[in-house]
Amino acid sequence: MTDYLPVPNPTKSFWLTAEVDFHDHRSTAELPAEADIVIVGSGYAGTTTAHFLMEEGFDGTIVMLEARDVCSGATARNGGHLKPSLYYSQKSWTKKFGEKGAAEIANFEFAHLAAMKELIEREKIDCDFVFGRSCDVHLTSSAVNAALENYQQFTKNPYITCKHDVQLHVGENAKTISHVLDSEVCVTFTAGQLWPYKLVTSLLRKCMQKGLNLQTNTPVLGSEKFEDKWLVKTARGTILAKKLVIATNAYTASVEPRFLNKIVPIKGICSHITPKVRPSHLSHTYGIRYDGADQDYLINRADGTVVVGGAKKHIFPFKNVFYNVVDDSTLIPGTKEYFDDYMKHFHDWKFTETETDHVWSGILGYTDDSFPYVGEMPHESNKFIIAGFHGHGMPRVLLSAKALASNIMGKELEVPAAFKISQERMTKTRNEILASLGTPVARL
Ligand SMILES: Cc1cc2nc3c(=O)[nH]c(=O)nc-3n(C[C@H](O)[C@H](O)[C@H](O)COP(=O)(O)OP(=O)(O)OC[C@H]3O[C@@H](n4cnc5c(N)ncnc54)[C@H](O)[C@@H]3O)c2cc1C
Numbered sequence: 001m002t003d004y005l006p007v008p009n010p011t012k013s014f015w016l017t018a019e020v021d022f023h024d025h026r027s028t029a030e031l032p033a034e035a036d037i038v039i040v041g042s043g044y045a046g047t048t049t050a051h052f053l054m055e056e057g058f059d060g061t062i063v064m065l066e067a068r069d070v071c072s073g074a075t076a077r078n079g080g081h082l083k084p085s086l087y088y089s090q091k092s093w094t095k096k097f098g099e100k101g102a103a104e105i106a107n108f109e110f111a112h113l114a115a116m117k118e119l120i121e122r123e124k125i126d127c128d129f130v131f132g133r134s135c136d137v138h139l140t141s142s143a144v145n146a147a148l149e150n151y152q153q154f155t156k157n158p159y160i161t162c163k164h165d166v167q168l169h170v171g172e173n174a175k176t177i178s179h180v181l182d183s184e185v186c187v188t189f190t191a192g193q194l195w196p197y198k199l200v201t202s203l204l205r206k207c208m209q210k211g212l213n214l215q216t217n218t219p220v221l222g223s224e225k226f227e228d229k230w231l232v233k234t235a236r237g238t239i240l241a242k243k244l245v246i247a248t249n250a251y252t253a254s255v256e257p258r259f260l261n262k263i264v265p266i267k268g269i270c271s272h273i274t275p276k277v278r279p280s281h282l283s284h285t286y287g288i289r290y291d292g293a294d295q296d297y298l299i300n301r302a303d304g305t306v307v308v309g310g311a312k313k314h315i316f317p318f319k320n321v322f323y324n325v326v327d328d329s330t331l332i333p334g335t336k337e338y339f340d341d342y343m344k345h346f347h348d349w350k351f352t353e354t355e356t357d358h359v360w361s362g363i364l365g366y367t368d369d370s371f372p373y374v375g376e377m378p379h380e381s382n383k384f385i386i387a388g389f390h391g392h393g394m395p396r397v398l399l400s401a402k403a404l405a406s407n408i409m410g411k412e413l414e415v416p417a418a419f420k421i422s423q424e425r426m427t428k429t430r431n432e433i434l435a436s437l438g439t440p441v442a443r444l
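In terms of the UniProt record's numbering, the sequence shown opens at residue 1 and continues consecutively.
Shown next, in the form of structure tokens:
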């Protein structure tokens, strides 16, 4: 479905100011006629899957097909925040999956912190990786109530192994620790930040050095079974794959039409802000929560600048500007102005003049039941998927990709049950996305 392909001329994110000499690389001038594994998508999910396949000892041929330049999707335009969701969704997760299932997701996300550190250190990747603490600030009474109820559920779940890491602060302590004077309640826990484009392109370079064939600017249009293989159709011809991996996130319907309405492209906005005079360094990365799904996120970069995303007040009421939208070549009206004023939330920054020097859009892949789809597709042997990571891929993709690579090599798929693709999930017709976003109806 060509309507769901990435568009040309996307906005340029702050992260894309890092020049990569192979951004439009093709390892061979012609598309290879066949490959043992074809991976569609060169973002965080596609690249880490290739990396872990090689780490697992896979020594066949791998071809990666990318519609635009390398890593030009959500990964290159996100907030750089590696922030596990430990307590905040515990009530809804427990309702859906019971205490064990809810704990499995929180523990899996927490494990990403150590896994990311290990990967970056072992592969010696220069990507501004910093471990610190994130602070969730709850600014409305409904956000405070939701935080307290979820925190309570989190503390009483006997299967959660990362409780030691999460601290709840109320009253004056919350204001002091968060640096936000309106904050009655805040919750802190370990989180990371990094330059996602540098991480992924460094890993990709290493994969190419080990033999990965990269084909950029090669949109995939679909696939069909050919004997026991997959004939992958691209704008540059076909390639026959023994195994096919779909890592196309928001754009999955372009390759796999059955994901129409199951993975929905949602447009998001992010910014990079530079203070004119450097105020005191913010002590945390942040999640700033208002009512319902309305929240912003922020990382405090070591150079004194910040990356802030969200602006959902300007996005979520207007379904036509963000829902089912793959166009990241434009912004959304009102968002730059929102970020221009943003840092006034923090009392140390109240009188600091700031410049919003980069604002960009990106397309998130929201799923109908809010969990990613990972694993071998039902009734389509040797076709695998790893997609649908919402605005929350950093603490979910890495270990999903590791598990998927093992699964492709014949092992059990070890991801939370909620993430596993199944016939039951594929046949469900209920779409929870709009309800989770506060049911937007108006037009901008
Ligand atoms: C504005 C914004 C802010 C975000 N902030 C955060 C954050 O701070 N923390 C966090 O955890 N997550 C965040 N996210 C989400 C996170 O970026 C994603 O979950 C993650 O990057 C997904 O990685 P991916 O590889 O699955 O997708 P992508 O990076 O989108 O990669 C998919 C790739 O597939 C390619 N492709 C698509 N269709 C085709 C096709 N038909 N043929 C060939 N190639 C194709 C695309 O061009 C793209 O390169 C944010 C996302 C956005 C958009």
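Ideal Cβ placement from N, Cα and C applies to all residues, glycine included. Since the model is a prediction, treat every value here as computed from it, not as a measurement.
Straight-line CA distance for V185 to G287? 12 Å
Which same chain residues end up closer than 7 Å to A247 when comparing Cβ atoms and leaving out the 5 residues on each side of it in sequence? I39, V40, G41, G43, A45, G46, T49, I386 and A387
Closer than 8 Å: is that where the CB of V137 sits relative to any heavy atom of ligand 3? Ligands present in the displayed structure are limited to ligand 1, and ligand 3 is not among them.
Please state whether the Cβ-Cβ distance between D24 and D69 is less than 9 Å. yes
Spell out a yes or no on whether the stretch 210–227 and the stretch 55–63 are touching, meaning 3 or more CB-CB pairs, one atom from each, closer than 8 Å. yes
For the stretch 168–237, which segments carrying the alpha helix (DSSP H) assignment without a break, of at least 4 residues, lie completely within its bounds, in sequence order? 172–178 and 196–209
Drop a sphere of 10 angstroms on the beta-carbon of R77, count the other beta-carbons inside from all chains shown, and report buried for 16 or more, exposed for fewer. buried
Report the rounded CA-to-CA distance for G310 versus D303, giving the unit in angstroms. 22 Å
Does the Cβ of T305 lie closer than 8 Å to at least one heavy atom of ligand 1? no
Hey, quick one: how far does the beta strand (DSSP E) through Y373 stretch, first residue to last? Y373 to E376
Relative to the C-alpha of A244, which candidate in T17, N407 and T2 has its C-alpha closest? Reading off the sequence, residue 244 comes out as Leu, not Ala. If we check each option's Cα against that of L244, N407 comes out closest.
Let me know the secondary structure DSSP gives D340 once reduced to three states. helix
Return yes when the C-beta of R77 is under 8 Å from any heavy atom of ligand 1, and no when it is not. yes
Give the list of continuous alpha helix (DSSP H) stretches no shorter than 4 residues that lie fully inside the stretch 130–160. 141–156
Hey, A111 and Q90: beta-carbon distance below 9 Å or not? no
Compute every distance between the C-beta of F58 and the non-hydrogen atoms of ligand 1, then say whether any falls below 8 Å. no
Any contact between the stretch 248–258 and the stretch 92–108? By contact I mean 3 or more CB pairs, one from each, below 8 Å. no
Is the beta carbon of M208 within less than 8 Å of some heavy atom of ligand 1? no
Taking all protein chains shown into account, decide if M409 is buried (16 or more other Cβ within 10 angstroms of its Cβ) or exposed. exposed
DSSP three-state label for N78, please. coil
Where does the unbroken alpha helix (DSSP H) through M116 begin, and where does it stop? Q90 to R122
Pairwise C-alpha distance: L221 and T2: 7 Å
Going by DSSP, what residue range makes up the beta strand (DSSP E) through V63? I62 to L65
With respect to the beta strand (DSSP E) encompassing T354, which residues constitute its N-terminal and C-terminal limits? T354 to T367
Hey, how far is the Cα of F318 from the Cα of I266? 12 Å
How about P158: is its Cβ closer than 8 Å to a heavy atom in ligand 1? no
Got a sec: does ligand 1 put a non-hydrogen atom nearer than 8 Å to the Cβ of K83? yes
DSSP three-state label for R278, please. coil
A74 and P219 closer than 9 Å at C-beta: no
7 Å CB neighbourhood of L16 in its chain, flanking five on each side removed: A76 and Y197
Look at the alpha carbon of L282 and the alpha carbon of L53, and state the distance between them as a whole number of angstroms. 39 Å
Regarding M116 and ligand 1, is the C-beta to nearest heavy atom distance less than 8 Å? no
Report whether the distance from the Cβ of G132 to the nearest heavy atom of ligand 1 is below 8 Å. no
CB of Q68 to nearest heavy atom of ligand 1: below 8 Å? It should be pointed out that residue 68 corresponds to Arg in this sequence rather than to Gln. R68: yes, Cβ under 8 Å from ligand 1.
How do the stretch 362–382 and the stretch 399–406 stand: do at least 3 beta-carbon pairs fall below 8 Å, yes or no? yes
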